[in-house]
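Quick note, the sequences are listed as chains H and F, same order. All residue numbers for the first sequence refer to our numbering, where the first residue is 42 and numbers rise by one. All residue numbers for the second sequence refer to our numbering, where the first residue is 42 and numbers rise by one. Glycine included, every Cβ here is placed at the ideal spot set by N, Cα and C. None of the values given here were measured: they were computed from a predicted structure.
2 protein chains.
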Amino acid sequence: MPVPAEVLTALEKILGDRLSRSKSDLDLHGRSETYFPPAPPDAVAYPETTEEVAGIVRVCAAHGCPVVGWGAGTSLEGHALAVRGGVCVDFARMNRVLAVHPEDMDVVVQPGVTREALNRELRATGLFFPVDPGANASLGGMASTRASGTTAVRYGTMRDNVLGLEVVLADGRVIRTGTRARKSAAGYDLTGLFVGAEGTLGLITELTLKLQGQPEAISAGVCAFDAIGPAVETVIQTIQLGIPMARIEFVDAATAAAVNAYSGASFPEKPHLMVEFHGSPTGVAEQAETFGEIVADNGGGRFEWSARAEERTALWTMRHNAYYACLAARKGATALVTDMCVPISKLAEAVEETRADIAAATIPGPILGHVGDGNFHAILLVDPQNPMDLAEAKRLSHRMVDRALRLGGTVTGEHGIGMGKLGYMAREHGDAWDVMGEIKRALDPQDLMNPGKLVRQG
Amino acid sequence: MPVPAEVLTALEKILGDRLSRSKSDLDLHGRSETYFPPAPPDAVAYPETTEEVAGIVRVCAAHGCPVVGWGAGTSLEGHALAVRGGVCVDFARMNRVLAVHPEDMDVVVQPGVTREALNRELRATGLFFPVDPGANASLGGMASTRASGTTAVRYGTMRDNVLGLEVVLADGRVIRTGTRARKSAAGYDLTGLFVGAEGTLGLITELTLKLQGQPEAISAGVCAFDAIGPAVETVIQTIQLGIPMARIEFVDAATAAAVNAYSGASFPEKPHLMVEFHGSPTGVAEQAETFGEIVADNGGGRFEWSARAEERTALWTMRHNAYYACLAARKGATALVTDMCVPISKLAEAVEETRADIAAATIPGPILGHVGDGNFHAILLVDPQNPMDLAEAKRLSHRMVDRALRLGGTVTGEHGIGMGKLGYMAREHGDAWDVMGEIKRALDPQDLMNPGKLVRQG
Ligand SMILES: Cc1cc2nc3c(=O)[nH]c(=O)nc-3n(C[C@H](O)[C@H](O)[C@H](O)COP(=O)(O)OP(=O)(O)OC[C@H]3O[C@@H](n4cnc5c(N)ncnc54)[C@H](O)[C@@H]3O)c2cc1C
Ligand SMILES: Cc1cc2nc3c(=O)[nH]c(=O)nc-3n(C[C@H](O)[C@H](O)[C@H](O)COP(=O)(O)OP(=O)(O)OC[C@H]3O[C@@H](n4cnc5c(N)ncnc54)[C@H](O)[C@@H]3O)c2cc1C
Chain H
42 MPVPAEVLTA LEKILGDRLS RSKSDLDLHG RSETYFPPAP PDAVAYPETT EEVAGIVRVC
102 AAHGCPVVGW GAGTSLEGHA LAVRGGVCVD FARMNRVLAV HPEDMDVVVQ PGVTREALNR
162 ELRATGLFFP VDPGANASLG GMASTRASGT TAVRYGTMRD NVLGLEVVLA DGRVIRTGTR
222 ARKSAAGYDL TGLFVGAEGT LGLITELTLK LQGQPEAISA GVCAFDAIGP AVETVIQTIQ
282 LGIPMARIEF VDAATAAAVN AYSGASFPEK PHLMVEFHGS PTGVAEQAET FGEIVADNGG
342 GRFEWSARAE ERTALWTMRH NAYYACLAAR KGATALVTDM CVPISKLAEA VEETRADIAA
402 ATIPGPILGH VGDGNFHAIL LVDPQNPMDL AEAKRLSHRM VDRALRLGGT VTGEHGIGMG
462 KLGYMAREHG DAWDVMGEIK RALDPQDLMN PGKLVRQG
Chain F
42 MPVPAEVLTA LEKILGDRLS RSKSDLDLHG RSETYFPPAP PDAVAYPETT EEVAGIVRVC
102 AAHGCPVVGW GAGTSLEGHA LAVRGGVCVD FARMNRVLAV HPEDMDVVVQ PGVTREALNR
162 ELRATGLFFP VDPGANASLG GMASTRASGT TAVRYGTMRD NVLGLEVVLA DGRVIRTGTR
222 ARKSAAGYDL TGLFVGAEGT LGLITELTLK LQGQPEAISA GVCAFDAIGP AVETVIQTIQ
282 LGIPMARIEF VDAATAAAVN AYSGASFPEK PHLMVEFHGS PTGVAEQAET FGEIVADNGG
342 GRFEWSARAE ERTALWTMRH NAYYACLAAR KGATALVTDM CVPISKLAEA VEETRADIAA
402 ATIPGPILGH VGDGNFHAIL LVDPQNPMDL AEAKRLSHRM VDRALRLGGT VTGEHGIGMG
462 KLGYMAREHG DAWDVMGEIK RALDPQDLMN PGKLVRQG
């Protein structure tokens, strides 16, 4: 059902030429980073204030018109596809850092601020925002997908780093959740409810985020292993020993090869661990030394580390580009990116089985991940012209989901549900999924906020 | 409205003589630790299994009968008072540790396990459960109040340490939330919703908890200050410097005096900080040294620390008994325990103003708290025979609430809402409080689970 003309008229009254119906805008906001077919909205709104967002939602609510939030569009499960049309609310123009409180180590931002922009702005304060999904996502999008990434092993996910929110609800009410106090026992944790809700309960218009002090010393390093088993074993032992790793990332041989080709690096084509330590100079040295011993115990190659910022930046830039490096490894490919997360004791089993499965498959699938959390991805490379490829990718992904659940884990460690994981919610949650639906209906009885996502449909 | 006879008959069929109507049992479960008038339930149930709990709730739901959970009864805001009668579900007999997973550093427990029992059981594993409210509370109660305590500054609150739950809902359905994976982006954070819900959304029948490795080295110490200002300033600087304190507790001069009288200690009657460091031997020494420098910069007394377990245990036992020491400081007194929490930059202002307020009041009120979180309590000592005392305590408490909100904080850092803070929910949360009510009605439309608490009444 297309958006009624009176909705567009009313929205134009609020937004003027910041309501777009241009084909290029609709196309852009109907695409995703991965394999999902496009699903464009009927209009794209570029609000600048919370009041405008509330106005948009009220107009849409009055006419039963869907509302879909849009941050940076980097989510991997087709989260922001307008599968029932409606109005896409793009937060690109709500991109101001509203207040930095260095003495309390928190910051108040609009949802369209990206994590790189935020950290640029914070640089002079000696503080940083740690959650790092690699992509330059928006903070509103990151909160909405409960994003994490390379640093979650040390600093937690968005669940742990959002102190409070301002949210526009499905009926246009504007609420605030949380305070600037570090903890509270004052009622239901609404902040936690909206974090990870994928825009299905309301639109986030402001976030208060915890910050971290830039560590006195940082060192990073990388080492190769002859096989996956010992690499993963190293991770498990490191975590169990309680070494406070800031990052501990795994890439398999295929990923190393792809990164070499893409970034001109020269990693041996073997499984690697890439790690980072944060702390005092002695603390960091102590950690690196202990880690090196674990690597040696597991027969890993020389563990080389450096405290030099340029080398570190080069390392993490390569890691962050690994997704694109993998995509480039198969010409014209698109990807189905899997995202399983298991208890750390099951990590070796999970990675090994997945590796074997992909080795026997008809498509390539480099593996990499935030293994300190028990979380990893296979980037299943699909020729978009070949339907057999996508079927094969879905088969492999389905088996990874089975494996995750069998091993006591979750079907998505960090990417979220979107379109791609909806079919697994009943299996992961059982009757608890119905409870999610009951909450959704209570807060959005008309099913207007990002409809078609997260809860049971129909 | 008393519980109908057929409810009691049906419950007896499930529980046999584990359904109690003895006066002593009703009295015991109608009392609270603080100043609230008693409100006994009509019956007390002692289930042993989740199925029994579900059976109890189904019977009650069929007859519109209230159900109130009971852990250790140590909550401070009258949380578990059966203000509308009904059935109290005491989890004392669901007190087994179901599974310890040392390799994943998690544990599965029944809700009646107390934190001391859990840590006794874990001792041999080299792991511990860090959340420490002082009182020997039950894990189910601690989750339900989103408890924290002395170690939250390092290890977080119950919000951060519960991986998953089993919950019996208001209609008797049994759901599971979360998995044993360390993170997940699979839908709404139901675990987070039930943590802190004070039993108003369902009864927790099982918890999966994160554990921590026992630190290689622990040291603890104490130091006196001539005034509150420099003590609090020391805390602020310590937190801002990012020293990973395991505990940083404040007690004022009145508390020190009470502890001396109660525990035979000999603290100077001055404000004190009590601290603990966890880490490697060098790390702990480094932290203690830096902390000592901050103390000296702020004109504090000699900072004495020790790595000896007995001295440490003595220190924390005194701290944990401080509440009872304060109570004993005024003969026959009961207490109104306040619980404000503010951004750390406002802590000095908050403590100083509160101190001045109490100094001018007609009742004593020692101050102590988990100042690393910006959280502190005044233990307002009330003669239960003197209604003027309670009125004075409520006036002081009310002013602390005003202060907390004015300074950007919360009306309760860790104790929760219960009966005592219900009147402040609208002010702290505005329309977000209505959203809590909408969630409550969605999950408990008959208002049977701990009625009269947390959400707007009537
Ligand atoms: C190369 C690459 C690497 C990645 N690595 C990681 C990783 O390591 N870890 C990780 O967690 N993710 C990763 N991702 C996925 C992605 O970056 C995250 O999902 C991110 O959180 C999405 O943020 P976004 O701003 O792009 O949101 P979008 O994609 O624009 O939106 C995501 C969802 O949030 C909703 N939304 C957006 N803004 C709001 C708002 N203000 N209010 C309410 N709802 C809103 C949308 O409707 C949609 O449902 C990666 C992606 C890429 C392309
Ligand atoms: C001396 C002293 C010091 C304290 N210090 C602290 C402190 O530092 N930090 C802190 O946070 N608290 C502190 N408290 C308060 C108290 O210990 C906490 O609130 C604790 O979490 C209560 O746990 P409990 O098992 O006693 O719960 P109870 O008091 O029995 O119940 C608390 C609430 O939870 C509900 N409930 C209990 N079990 C369940 C269940 N299984 N399912 C659903 N609902 C349930 C009850 O209905 C009630 O609403 C202190 C108390 C005392 C007496």
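For H/Ser73, the closest Cβ of chain F is not nearer than 9 Å. Following the DSSP letters along the chain, one finds F/Glu433 inside the alpha helix (DSSP H) bounded by residues Pro428 to Arg447. Proximity of F/His418 to chain H, defined by a Cβ-Cβ separation below 9 Å, is not satisfied. Under the three-state reduction of DSSP, F/Gly450 is assigned to coil, being neither helix nor strand. Under the 9 Å criterion on CB atoms, F/Gly493 is classed as non-interfacial with respect to chain H.
With a cut-off of 8 Å, the C-beta of F/Asn491 is classified as near ligand 2, since at least one heavy atom of the ligand falls inside that distance. For F/Ala140, the beta-bridge partners assigned by DSSP are F/Val149. The stretch 113 to 120 of chain F makes no contact with the stretch 44 to 63 of chain F, as fewer than three CB pairs between them are under 8 Å. F/Pro107 is classed as buried because its beta carbon has at least 16 other beta carbons within 10 Å across all chains shown. Sixteen is the threshold: since fewer than 16 other Cβ atoms of the shown chains lie within 10 Å of the Cβ of H/Leu282, the residue is exposed. Counting only Cβ-Cβ distances below 7 Å, H/Thr453 has contacts in chain F at Ser225, Ala226 and Ala227, in chain order. If the five residues before and after F/Pro425 are omitted, its C-beta is found closer than 6 Å to the C-beta atoms of Thr375, all from its own chain and listed in chain order. Within a 10 Å sphere around the beta-carbon of H/Arg497 sit fewer than 16 other beta-carbons, which makes this residue exposed. Unbroken beta strand (DSSP E) stretches of 3 residues or longer found wholly inside the stretch 270 to 343 of chain F: 286 to 292 and 313 to 320, given in chain order. F/Gly126 is positioned such that its CB atom lies no closer than 9 Å to that of F/Pro79. Note that the C-beta distance between F/Ala188 and F/Val172 is below 9 Å. Of all residues in the stretch 351 to 376 of chain F, none has a C-beta nearer than 7 Å to a C-beta of chain H. A contact between stretches requires three or more CB pairs, one per stretch, nearer than 8 Å, and the stretch 259 to 266 of chain F meets this requirement with the stretch 336 to 348 of chain F. Taking C-beta atoms under 8 Å as the contact rule, H/Gly167 and F/Asp230 fail to qualify, at a distance of about 31 Å.
For H/Tyr465, the nearest beta carbon of chain F is closer than 9 Å to its own beta carbon.
For F/Val325, the CB contacts under 6 Å within the same chain, skipping 5 residues up- and downstream, are Ala258, Ser260 and Phe318 in chain order. Annotated three-state conformation of H/Met460 is coil, per DSSP. Restricting attention to beta strand (DSSP E) runs no shorter than 3 residues, the stretch 153 to 217 of chain F encloses them at 203 to 210, ordered along the chain. Note on F/Ser65: under 16 other CB atoms within 10 angstroms of its CB, so exposed under the neighbour-count rule. A contact is defined here as three or more CB-CB pairs under 8 Å, and the stretch 270 to 284 of chain F fails this definition with respect to the stretch 175 to 190 of chain F. F/Gly114 has no beta-bridge partner at all, per DSSP. Segment contact: the stretch 442 to 452 of chain H against the stretch 477 to 493 of chain H, fewer than three CB-CB distances shorter than 8 Å; contact not assigned. If you check each beta-carbon in the stretch 204 to 221 of chain H against every beta-carbon of chain F, the ones closer than 9 Å belong to Val208, Leu210, Arg214, Val215, Ile216, Arg217, Thr218, Gly219, Thr220 and Arg221. Interface flag for F/Thr192 against chain H is unset, since no Cβ pair is found closer than 9 Å.
Judged by DSSP in its simplified three-state form, H/His361 adopts helix. By the Cβ test, the stretch 360 to 373 of chain H is in contact with the stretch 287 to 306 of chain H, since at least three Cβ pairs between them sit closer than 8 Å. For the C-beta of H/Lys462, the chain F residues within less than 8 Å are, from N- to C-terminus, Ala227. In the displayed model, F/Glu394 falls within a helix according to three-state DSSP. Remark: three or more beta-carbon pairs, one from each stretch, lie closer than 8 Å, so the stretch 212 to 225 of chain F and the stretch 86 to 99 of chain F are flagged as touching. Annotated three-state conformation of H/Lys224 is coil, per DSSP. Identification of chain F residues near H/Met477 by a Cβ-Cβ cut-off of 8 Å yields Gly228, Tyr229 and Leu231, ordered along the chain.
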